[in-house]
Each structure stands twice: as C-alpha cells, then as structure tokens.
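Chemist:
2 protein chains.
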Amino acid sequence: MQGEGLLRVTGDDGERTDAARNRRLLLDAAAEIVAACGPDRLTTDAVARRAGVGKGTVFRRFGSRAGLLHALADEAGRSFQQAFMAGPPPLGPGAAPLERLIAFGEASIGRMLLDGQILRAAEQRGGPDPEHPTQQLIRLHLAMLLRELEVQDPELASYQLAAFLNAGLLLHLQEHRGMSDARLAASWRVLVVGLAAARGRA
Amino acid sequence: MQGEGLLRVTGDDGERTDAARNRRLLLDAAAEIVAACGPDRLTTDAVARRAGVGKGTVFRRFGSRAGLLHALADEAGRSFQQAFMAGPPPLGPGAAPLERLIAFGEASIGRMLLDGQILRAAEQRGGPDPEHPTQQLIRLHLAMLLRELEVQDPELASYQLAAFLNAGLLLHLQEHRGMSDARLAASWRVLVVGLAAARGRA
Numbered sequence: 006m007q008g009e010g011l012l013r014v015t016g017d018d019g020e021r022t023d024a025a026r027n028r029r030l031l032l033d034a035a036a037e038i039v040a041a042c043g044p045d046r047l048t049t050d051a052v053a054r055r056a057g058v059g060k061g062t063v064f065r066r067f068g069s070r071a072g073l074l075h076a077l078a079d080e081a082g083r084s085f086q087q088a089f090m091a092g093p094p095p096l097g098p099g100a101a102p103l104e105r106l107i108a109f110g111e112a113s114i115g116r117m118l119l120d121g122q123i124l125r126a127a128e129q130r131g132g133p134d135p136e137h138p139t140q141q142l143i144r145l146h147l148a149m150l151l152r153e154l155e156v157q158d159p160e161l162a163s164y165q166l167a168a169f170l171n172a173g174l175l176l177h178l179q180e181h182r183g184m185s186d187a188r189l190a191a192s193w194r195v196l197v198v199g200l201a202a203a204r205g206r207a
Numbered sequence: 006m007q008g009e010g011l012l013r014v015t016g017d018d019g020e021r022t023d024a025a026r027n028r029r030l031l032l033d034a035a036a037e038i039v040a041a042c043g044p045d046r047l048t049t050d051a052v053a054r055r056a057g058v059g060k061g062t063v064f065r066r067f068g069s070r071a072g073l074l075h076a077l078a079d080e081a082g083r084s085f086q087q088a089f090m091a092g093p094p095p096l097g098p099g100a101a102p103l104e105r106l107i108a109f110g111e112a113s114i115g116r117m118l119l120d121g122q123i124l125r126a127a128e129q130r131g132g133p134d135p136e137h138p139t140q141q142l143i144r145l146h147l148a149m150l151l152r153e154l155e156v157q158d159p160e161l162a163s164y165q166l167a168a169f170l171n172a173g174l175l176l177h178l179q180e181h182r183g184m185s186d187a188r189l190a191a192s193w194r195v196l197v198v199g200l201a202a203a204r205g206r207a
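So the sequence lines, in the order shown, correspond to chains H and V. So the first sequence is residues 6 to 207, counted in our numbering. So the second sequence is residues 6 to 207, counted in our numbering.
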C-alpha cells in the first residue's frame, strides 16, 4: 500500500511537471498570438495549433478562451505586483509614500502598452470586478500609501484611484482620445498630490 | 396630391401622438416594474402586460429589452441634467465652482438609490461607455467647473472624476461594501477639494 502510495505520488509529480510544462507552452503561445495579432485573434484553436498540442489540452488547462485570457492577465499582473511590492524604489519600498503613489500610477499607465489589450479582454462583462484578487491587492497597496499620507478614508480613496487606473479607461484615453502616457501621468500626479494636500482641509 | 399630403401629415401627427402616448405608457410601466421588483424582472412581456398593449408595441418603440433600459436610463439622466445645468444652486448655476462640484458628486451618489439599478443595467457590457452622450455631458459639466477652478488638464480630470461616479462602482460600494451615502460624499469632497488645492503644486 505504501509502495503504491509512493508510486502514485511519483505519478502525480510527473503529471504535475507535464501540466506545468503544457501550461507554460500554452501561455507562451497565447502571449505570442496576442502580441502579434491582438486578443481578438486569440482562439483556443489558434493556441493549440501554435503550441503543437491538441485542443483538448487547452480546455483541460484553462477551461475556455476566457480562462486563458484570465491566466494571461494574472501572469501580467504578477510581475507588476512583484515590482510594486518588492521591487526597487520609487515603485517598490524605500521611497516616500507620495513618490510611491506617483510611481504606481506611472507604472500602471506604462504597462497598458504591453498588457492593456489582455487586461481589457480579461475584464468581466459589465466592467472590471472590483473584488477580483488583483484589484483587491492593488487597492490594499494604494490604501497603505494613502494611510501613510494620512488621507481621510484611505480605503474609499483607494477605490477612487483604482477606478481611474482601470485598463478599459486608460486604453480608451490612449487609443480613442489620443492622450499620451506623459499627459495621463501628469494628471495622475495632480490627483494624488491633491489628495495628499486635502488632508484636513475638506 | 396636396390634400393627400396634408392628410398624411395629419395621419403622422395622430401617429406621433399615439406613439408618444404608448412610449409614455410603456416607460411608466417599465419604471414601476423596476421600482417594485428590480431590473432583472424587467422583461418585454411584463412591460406589455402591465401597460395593456401587445408585445409588438414594445419592440416597435424600443427594439428590445436593452433599448427599453437605455430609454429608462436616458429619462432618469434627463431630469438630473436639468438639475445640474439649469436647476437651483448649489447644483445648478449661481454657486461657486467648488461648491457646485461637491454638490454634483453628492447628487450623483444620492440618485443611485432611485436610478442606480437602471443605470447599471443599461451600462454596456464591458463597463460604461465613456463616449455615451450622457457621459459626455457629465464630463463637459465637470470640465467646465474644473476649468473655473484652474485645475490642470480639466478634460482629463473630468474623466478621473467621472470614473468614480459611475453607477457600477457606486452601487458596488453601497451594496457590497456597505458604504453610506455620507461616507461616499465625504470622500468625493476630499477628492475635489484636493484637486482644487493641487493647482500649481504638482
């Protein structure tokens, strides 16, 4: 029985390694398709073909096209999270809270060029879900900095700031209103400097 | 020919009167259903039954359930527009721009109780469309007040403020985060006082 158990564990490990390798293969293929043709061209067929696996493997790993998009968005989010939680200042720890807030907005705006299409496509129908774990993490981070700045009601202020940084809006402003990253970043700066300055005034 | 033309015009007028009456009847029936049961219960069948007309009449006037929801949202928006563009101060003209901005946020938050369900249901899949005429009008109004306050880049700042006032987010904060109107209004006040204070600082 114990031997069988050990064998099963080894089998599982092999399966897990295969699964991880397939997952990586599929995510890379999907990212390449999105980068080359945009998220509209991302179909489970196209990903399976590019990765050289059966379509069933895509469904087994991600459930659906939407699942694949969410996995891509999560992956894009993870490196961003790493940067603002543990990366070098001013985005990461070590800089003053206002500097970190400003850097957070600039980084959020800057990553739209690379990740915006995926983030927008992965956003739920009816707009971004404020309780998605990634959104929660972003708000926790913003609220922490706002609290350090002694902004009134940092929790609610974090919703206000996150509402402006959502992918749908930033991409809309960049693509349809022709607003540059520099202009978006300048306006973000006014907003957070203003919030910091409003402390005790309102 | 002329007589026929005149007759046709008279016919059109009669039709227009009928159309307007039917439209009113259907919108009132729809508003009653939403108020009593929420927008999920708003079906074209239910509206036709309550208004005592055929289902075809609903489709002829509004095209679909979505068309009916948009018409309801437009109607709710129109009285709000009337209030902030031509109503009494501080929401309407006559108050100082900062007072008007504060009043605008308070009124937007307050109307969610009545109109929020309709506004949210009418919002496009993928979130609110920033170029919907109602959204454009709201931003023009915000930008005008921000310009009077000499806020940097009033156009972009109007997108930032409008992003926080969208129905989906306000309802989420009220319903799922249990935030009171007073709390939402206080945070709005900090935001706009901050923007006004940031003038020339950032």
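Glycine residues also receive a C-beta, built at the ideal position from the N, C-alpha and C atoms.
1) Compare the C-beta of V:Leu185 against all C-beta atoms of chain H and say whether one is closer than 8 Å.
2) What is the rounded straight-line gap between the Cα of H:Lys60 and the Cα of H:Leu31?
3) Could you tell me whether any Cβ in chain V is nearer than 8 Å to the Cβ of H:Gly121?
4) What number of angstroms, rounded off, separates the C-alpha of H:Arg55 from the C-alpha of H:Ala172?
5) Quick one: does V:Phe39 have its CB under 8 Å from some CB of chain H?
6) Compare the Cα-Cα distances from H:Arg204 to each of H:Ser185, H:Asp158, H:Gln141, H:Ala53 and report the closest residue.
7) Does the stretch 98 to 116 of chain V come close enough to the stretch 21 to 40 of chain V to have 3 or more Cβ pairs within less than 8 Å?
8) Alpha carbon to alpha carbon, how far is V:Leu170 from H:Pro138?
9) Do you know how far the Cα of V:Asp50 is from the Cα of H:Phe85?
10) Do the stretch 105 to 113 of chain V and the stretch 187 to 197 of chain V make contact, defined as three or more Cβ pairs closer than 8 Å?
11) If H:Ile143 and H:Ala167 are in contact, beta carbons under 8 Å, what's the gap, nearest whole angstrom?
12) Suppose contacts are defined by Cβ-Cβ distances below 8 Å. Is H:Gly82 in contact with H:Ala88 by that definition?
13) Using 10 angstroms around the beta-carbon of H:Pro94, count the other beta-carbons present and answer buried if the total reaches 16, otherwise exposed.
14) Given that a residue counts as buried once 16 or more other Cβ atoms are within 10 Å of its Cβ, and exposed if not, what is H:Arg21?
15) Assign H:Pro138 to one of three DSSP states: helix, strand, or coil.
16) Would you report the Cα separation of V:Val156 and V:Ala201, rounded to the nearest angstrom?
17) Just the C-alpha distance for V:Asp33 and V:Asp120, rounded to the nearest angstrom, thanks.
18) Taking beta-carbon pairs under 8 Å, can you tell me which members of the stretch 132 to 161 of chain H lie near chain V?
19) Based on the DSSP output, what are the partners of V:Pro98 in its beta bridges?
20) So the alpha helix (DSSP H) V:Leu178 belongs to, where does it begin and stop?
21) Since H:Val156 is in the alpha helix (DSSP H), which residue starts that stretch and which ends it?
22) Counting contacts by CB-CB distance shorter than 8 Å, is H:Gly199 in contact with chain V?
23) Counting along the chain, where does the alpha helix (DSSP H) carrying H:Arg54 start and finish?
24) Does the beta-carbon of H:Leu145 have 16 or more other beta-carbons within 10 angstroms, so that it is buried, or is it exposed?
25) Taking only beta carbons into account, state which residues of the stretch 95 to 117 of chain H come closer than 7 Å to chain V, listed in chain order.
26) For a contact defined as C-beta to C-beta under 8 Å, what are the partners of V:Val52 on chain H?
27) In chain H, which residues lie with their C-beta within 8 Å of the C-beta of V:Arg188?
28) DSSP on V:Arg144, reduced to helix/strand/coil?
29) Name the two residues that bound the continuous alpha helix (DSSP H) containing V:Arg116.
30) Mind checking if V:Ala202 is an interface residue toward chain H, Cβ cutoff 8 Å exclusive?
31) Name, please, each residue of chain H whose Cβ falls closer than 7 Å to the Cβ of V:Gly177.
32) Nearest by alpha-carbon distance to V:Met149: which of V:Ala35, V:Ala101, V:Arg46 is it?
33) Which residues in the same chain as H:Leu124 place their Cβ atom closer than 6 Å to its Cβ, once the five residues preceding and following it in sequence are excluded?
34) DSSP three-state call for V:Gly110: helix, strand or coil?
35) Report back the beta-carbon spacing between H:Gln122 and H:Val39 to the nearest angstrom; my notes put them in contact at under 8 Å.
36) Can you tell me whether H:Gly82 is helix, strand or coil according to DSSP?
Modeler: Looking at the atomic coordinates:
1) Looking at the sequence provided, one finds Ser at residue 185 of chain V rather than Leu. Not an interface residue.
2) 11 Å
3) no
4) 27 Å
5) Per the sequence shown, the amino acid found at residue 39 of chain V is Val instead of Phe. No, V:Val39 lies away from the interface with chain H (no Cβ there is under 8 Å from its Cβ).
6) H:Asp158
7) no
8) 22 Å
9) 48 Å
10) yes
11) 6 Å
12) no
13) exposed
14) exposed
15) helix
16) 6 Å
17) 14 Å
18) Gly132, Pro133, Pro135, Glu136, Val156, Gln157, Asp158, Leu161
19) V:Ala100
20) 172 to 180
21) Looking at the DSSP string, H:Val156 is not in any alpha helix (DSSP H), and its letter there is neither H nor E.
22) yes
23) 49 to 56
24) exposed
25) none
26) In chain order: nothing, as chain H lies at least about 22 Å away.
27) Asp158, Leu161
28) helix
29) Where V:Arg116 is concerned, there is no enclosing alpha helix (DSSP H), given that its DSSP letter is neither H nor E.
30) yes
31) Note that residue 177 of chain V corresponds to His in the displayed sequence, not to Gly. Correct list: Pro135.
32) V:Ala101
33) Ala78, Ala172
34) helix
35) 6 Å
36) helix
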